[in-house]
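A quick write-up on the structure given underneath.
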Amino acid sequence: MSINHLAPSAPTILEPARSTEPSSVAQAIRFIRQRHWSFAVGSLLFLTIAVLLIISPWIIPHDPSAQSLLRRLAGPSVQHWLGTDHLGRDLLSRLLIGGRFSVVIAAVTLILGAVIGTLLGVISARTGGLTDEIIMRVVDLLISFPDVIVAIFMIAIFGPGYGTLIASLTIVGWTPFARMARGLTLEINSREYIKAAEVLGCTKTFIIFRHVIPNAIRPIAAISFLRFGHKLITVGGLSFLGLGVQPPNADWALMLAESQPFVERAPLLVFAPGLAIFLTALSVTWIGQGLEMKGRNASKAAQ
Amino acid sequence: MWMIALQRFLILCLTLVVISLLAFLVPYMSGGDPVRTIVQSRVGDMAIDPASVETMRVHLGLDRPLYVQYLGWLWSAIHGDFGYSFVSRSPVGPEVARALVVSFTLAMSALGIALAVALPLGTLSAMWPGKTIDTVATFVTQTFVAVPEYWFAPMAVLVFSLYLGILPSAGWDGPASLVLPALVLSLRPLAYFTRVSRAAMIDVLQAPYITAARSRGLNMNQTVVHHGIRNGAMPVVTLFALWLAGLLGGSVVVEVIFAIPGMGRLIYEAVVNNDVPVLQGSFVCIVALSVLINTLADALYILLNPAVRIRHVH
Numbered sequence: 544m545s546i547n548h549l550a551p552s553a554p555t556i557l558e559p560a561r562s563t564e565p566s567s568v569a570q571a572i573r574f575i576r577q578r579h580w581s582f583a584v585g586s587l588l589f590l591t592i593a594v595l596l597i598i599s600p601w602i603i604p605h606d607p608s609a610q611s612l613l614r615r616l617a618g619p620s621v622q623h624w625l626g627t628d629h630l631g632r633d634l635l636s637r638l639l640i641g642g643r644f645s646v647v648i649a650a651v652t653l654i655l656g657a658v659i660g661t662l663l664g665v666i667s668a669r670t671g672g673l674t675d676e677i678i679m680r681v682v683d684l685l686i687s688f689p690d691v692i693v694a695i696f697m698i699a700i701f702g703p704g705y706g707t708l709i710a711s712l713t714i715v716g717w718t719p720f721a722r723m724a725r726g727l728t729l730e731i732n733s734r735e736y737i738k739a740a741e742v743l744g745c746t747k748t749f750i751i752f753r754h755v756i757p758n759a760i761r762p763i764a765a766i767s768f769l770r771f772g773h774k775l776i777t778v779g780g781l782s783f784l785g786l787g788v789q790p791p792n793a794d795w796a797l798m799l800a801e802s803q804p805f806v807e808r809a810p811l812l813v814f815a816p817g818l819a820i821f822l823t824a825l826s827v828t829w830i831g832q833g834l835e836m837k838g839r840n841a842s843k844a845a846q
Numbered sequence: 023m024w025m026i027a028l029q030r031f032l033i034l035c036l037t038l039v040v041i042s043l044l045a046f047l048v049p050y051m052s053g054g055d056p057v058r059t060i061v062q063s064r065v066g067d068m069a070i071d072p073a074s075v076e077t078m079r080v081h082l083g084l085d086r087p088l089y090v091q092y093l094g095w096l097w098s099a100i101h102g103d104f105g106y107s108f109v110s111r112s113p114v115g116p117e118v119a120r121a122l123v124v125s126f127t128l129a130m131s132a133l134g135i136a137l138a139v140a141l142p143l144g145t146l147s148a149m150w151p152g153k154t155i156d157t158v159a160t161f162v163t164q165t166f167v168a169v170p171e172y173w174f175a176p177m178a179v180l181v182f183s184l185y186l187g188i189l190p191s192a193g194w195d196g197p198a199s200l201v202l203p204a205l206v207l208s209l210r211p212l213a214y215f216t217r218v219s220r221a222a223m224i225d226v227l228q229a230p231y232i233t234a235a236r237s238r239g240l241n242m243n244q245t246v247v248h249h250g251i252r253n254g255a256m257p258v259v260t261l262f263a264l265w266l267a268g269l270l271g272g273s274v275v276v277e278v279i280f281a282i283p284g285m286g287r288l289i290y291e292a293v294v295n296n297d298v299p300v301l302q303g304s305f306v307c308i309v310a311l312s313v314l315i316n317t318l319a320d321a322l323y324i325l326l327n328p329a330v331r332i333r334h335v336h
């Protein structure tokens, strides 16, 4: 819920889709420099985290699930840079591995929701009539469901697992995208080039994929980035409750949950995984914010 | 106007029917025989006698056709009777009602904190967009959105309960136990409220009636207080309702961490213990409530905003 209410119903970032020119480094740099600082910083932070998560199986100093009860809750040392947890497992190794599941699950649910939502929203706006009415009433309904509750109920019924997790978060997750894509499409529909395409006799499908979606993609991308943090935190919350990623897998939220009883003795065990989730969520939020901020300025300049 | 109200009402009813049907089917969807589950929950892990399962089936009326069972279940559910909890053996209705009161108190406290900070902050950053206060507000709210509550909560407990010892770390007795969970829960709504009130105030401050007020000789502060805030707060009211609906069951993590006997923890424990009646009762109540609150929020928005109201009439 919630972020969709921030999204302007008639979004401002509507630039004609540019044909892709031969890309170059200079162009990429120009793209970044045109944006708010948070875009560059967020991208850099997120890329660092993503690269670390991808290469982590080859760089971790210890086996993340190797226990050593003699070294329980040990402080930082040369061997274990960040110390060990309550089972003597190396914290640094677990941190490096621990984001893989939740980040991938958050990304997959987000992309699924964005694709389904955008398609349904565009169809809703282009078709109108009863289809529009039905789709939007379903959106009205689902958007008011708390996503954690829906996920918990689905997990209660179908049992925990990655499939259930992804399905349950997608069921509610597509609705803000549908609402936004519909608003964008209605705006794009009134443009001259759509009328031109219609006069030329282009098919509905062609207009949707050639004109509507390319023009709606950027604001939707901005919202996707802004929602990613929310998704990551939700997935983490479910893992924290024991309903998401299952032990003995290393996962940030799971590590946090397991270390809670020892928070007074070893605060780092709770602090570090939480910080990892926070930084990942923050970096993507910054990217989204950077994309959105530039859009705001650009549309102001165009007016 | 009345057509819209009628349409909304019909959709609401349809929703409630769908939700109740889903809740009713919970024990059937999870696979396995619900009667077996019930018998199992009563005898513990002893071997189950097939004959007693059949006796129980007839006794509970579960041998009747499914739609008869559904109508019977719905009839009791409308009267607040969702059966008895498998775990505590007490009626589900009162249990859900008690939990709802707790969650409502918690949600209102958190949203109160959020509102008290967000409205002034949003208004101030709208008055000076791009200036220091705006930059700081934007930065802080961006950060707040990314804070997982299951990280902030143990850290806050560590500082305020274990190190400083000024606030209880868990439980639900007295206002002191409300402070930490409400604070933890308020971060994200605070961020969204600030951003929405900022955007709304920026729009409001460009409106002709603000210029008119200024030209009548009111200074900026007077203008904002008398004309700006009332109009700028409107989107926040709607958002407040949405967050209230979301937090009633959505504060599971915080309620579990702080051992608060609210809706979230009730649902969580029902899931862990496979307590089907509690699950059904809380599911129906939570979803019905959030749909109801949302419908009311929409109605409120239309009532508060003459422009929308007129558009709907024509």
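So the protein sequences, as listed, match chains Z and C. The first sequence stops at residue 846 when you use our numbering, and every number in between is there. The second sequence stops at residue 336 when you use our numbering, and every number in between is there. We put the beta carbon where it would ideally sit given N, CA and C, even for glycine. Please read these numbers as outputs of a predicted model, since none were measured by experiment.
For the alpha helix (DSSP H) containing residue i, list its first residue and its last residue.
{"i": "Ile680(Z)", "result": "In the sequence as presented, Ile is not what sits at residue 680(Z); that position holds Arg. Per DSSP, Arg680(Z) belongs to the alpha helix (DSSP H) from 672-686."}
{"i": "Arg725(Z)", "result": "718-732"}
{"i": "Ala759(Z)", "result": "756-783"}
{"i": "Asn243(C)", "result": "242-245"}
{"i": "Gly94(C)", "result": "88-100"}
{"i": "Asp690(Z)", "result": "690-701"}
{"i": "Gln789(Z)", "result": "Premise fails: Gln789(Z) is in no alpha helix (DSSP H) and is neither H nor E."}
{"i": "Cys35(C)", "result": "24-51"}
{"i": "Phe582(Z)", "result": "580-602"}
Do you know how far the Cα of residue j is from the Cα of residue i?
{"i": "Ser599(Z)", "j": "Ala824(Z)", "result": "19 Å"}
{"i": "Ile592(Z)", "j": "Ile603(Z)", "result": "14 Å"}
{"i": "Asn243(C)", "j": "Ala255(C)", "result": "16 Å"}
{"i": "Met753(Z)", "j": "Thr216(C)", "result": "The sequence as given places Arg at residue 753(Z); Met does not occur at that position. Distance between the alpha carbons of Arg753(Z) and Thr216(C): 37 Å."}
{"i": "Val293(C)", "j": "Ala281(C)", "result": "16 Å"}
{"i": "Ile41(C)", "j": "Thr652(Z)", "result": "24 Å"}
{"i": "Gly831(Z)", "j": "Gln570(Z)", "result": "20 Å"}
{"i": "Ser767(Z)", "j": "Leu595(Z)", "result": "22 Å"}
{"i": "Gly102(C)", "j": "Ala267(C)", "result": "20 Å"}
{"i": "Cys35(C)", "j": "Phe104(C)", "result": "19 Å"}
{"i": "Thr718(Z)", "j": "Thr77(C)", "result": "46 Å"}
{"i": "Arg839(Z)", "j": "Ile678(Z)", "result": "Note on Arg839(Z): pLDDT 47, under 50, position unreliable in the model; the coordinate value appears next. Cα to Cα, Arg839(Z) sits roughly 29 Å from Ile678(Z)."}
{"i": "Leu588(Z)", "j": "Leu822(Z)", "result": "8 Å"}
{"i": "Asn241(C)", "j": "Val201(C)", "result": "38 Å"}
{"i": "Ala668(Z)", "j": "Lys738(Z)", "result": "15 Å"}
{"i": "Val665(Z)", "j": "Ala724(Z)", "result": "6 Å"}
{"i": "Tyr705(Z)", "j": "Val788(Z)", "result": "8 Å"}
{"i": "Arg238(C)", "j": "Ser586(Z)", "result": "49 Å"}
{"i": "Pro203(C)", "j": "Ala132(C)", "result": "8 Å"}
{"i": "Phe701(Z)", "j": "Pro49(C)", "result": "11 Å"}
{"i": "Trp829(Z)", "j": "Arg761(Z)", "result": "15 Å"}
{"i": "Arg615(Z)", "j": "Phe644(Z)", "result": "25 Å"}
{"i": "His623(Z)", "j": "Pro211(C)", "result": "39 Å"}
{"i": "Ile698(Z)", "j": "Trp601(Z)", "result": "33 Å"}
{"i": "Thr245(C)", "j": "Pro151(C)", "result": "17 Å"}
Grouping DSSP H, G and I as helix and E and B as strand, with all else coil, what is residue i?
{"i": "Asp195(C)", "result": "coil"}
{"i": "Thr627(Z)", "result": "strand"}
{"i": "Pro113(C)", "result": "strand"}
{"i": "Asp633(Z)", "result": "strand"}
{"i": "Ala844(Z)", "result": "Unreliable positioning characterises Ala844(Z) in this predicted model, as indicated by a pLDDT of 39, which lies under 50. The coordinate reading is nonetheless provided below. The answer is helix: DSSP assigns Ala844(Z) an H, G or I state."}
{"i": "Met544(Z)", "result": "Summary for Met544(Z): the model assigns pLDDT 41, below 50, so the residue's position carries little reliability, and this model does not support an answer."}
{"i": "Val335(C)", "result": "For Val335(C), the predicted model reports a pLDDT of 45, less than 50, meaning its position is unreliable and no value from the coordinates is stated."}
Is any non-hydrogen atom of the ligand NAP found closer than 6 Å to the C-beta of residue i, if you look at the structure I gave you?
{"i": "Glu291(C)", "result": "As presented, the structure is devoid of all ligands, the ligand NAP included, so that no description of it is given."}
Counting only Cβ-Cβ distances shorter than 9 Å, please list the residues of the stretch 709-726 of chain Z near chain C, keeping chain order.
none
To be precise: take each residue of the stretch 290-310 of chain C, compare its Cβ to all Cβ atoms of chain Z, and keep it if any distance is under 7 Å. Which residues remain?
Tyr290, Val293, Leu301, Phe305, Ile308, Val309
Give me the subset of the stretch 790-807 of chain Z whose CB atoms are less than 8 Å from a CB atom of chain C, sorted by chain position.
Ala796, Leu799, Ala800, Gln803, Val806, Glu807
Got a sec: which bits of the stretch 266-290 of chain C sit with their beta carbon under 7 Å from any beta carbon on chain Z, in order along the chain?
Ala267, Gly268, Gly271, Gly272, Val274, Val275, Val278, Ile289, Tyr290
In chain order, which alpha helix (DSSP H) runs of at least 4 residues are fully inside the stretch 274-328 of chain C?
274-279, 285-295, 298-326
If the cut-off is 7 Å on Cβ atoms, which residues from the stretch 146-174 of chain C count as contacting chain Z, listed in chain order?
Gln164, Thr165, Val167, Ala168, Val169, Pro170, Tyr172, Trp173
If contact means a Cβ-Cβ distance below 9 Å, which residues of the stretch 232-261 of chain C contact chain Z?
Pro257, Thr260, Leu261
Output needed in chain order: residues of the stretch 567-594 of chain Z with a Cβ under 9 Å from some Cβ in chain C.
Ser581
Check distances from the C-beta atoms of the stretch 661-681 of chain Z to those of chain C and list, in chain order, the residues that come in under 9 Å.
Arg680
Residue ranges of each alpha helix (DSSP H) within the stretch 806-842 of chain Z, 4 or longer
none
Against chain C, which members of the stretch 816-831 of chain Z pass a CB distance test of less than 9 Å?
Pro816, Gly817, Leu818, Ile820, Phe821, Leu822, Thr823, Ala824, Leu825, Ser826, Val827, Thr828, Trp829
Please list the residues of the stretch 24-38 of chain C that have a C-beta atom closer than 8 Å to any C-beta atom in chain Z, keeping them in chain order.
Ile33, Thr37
My parser needs the alpha helix (DSSP H) runs of 4 or more residues fully inside the stretch 147-178 of chain C; what are they?
154-167, 171-178
Residues of the stretch 605-636 of chain Z with a CB closer than 8 Å to any CB of chain C: list them in chain order, please.
none
The stretch 758-772 of chain Z: which residues have C-beta closer than 9 Å to a C-beta of chain C, in chain order?
Leu769, Gly772
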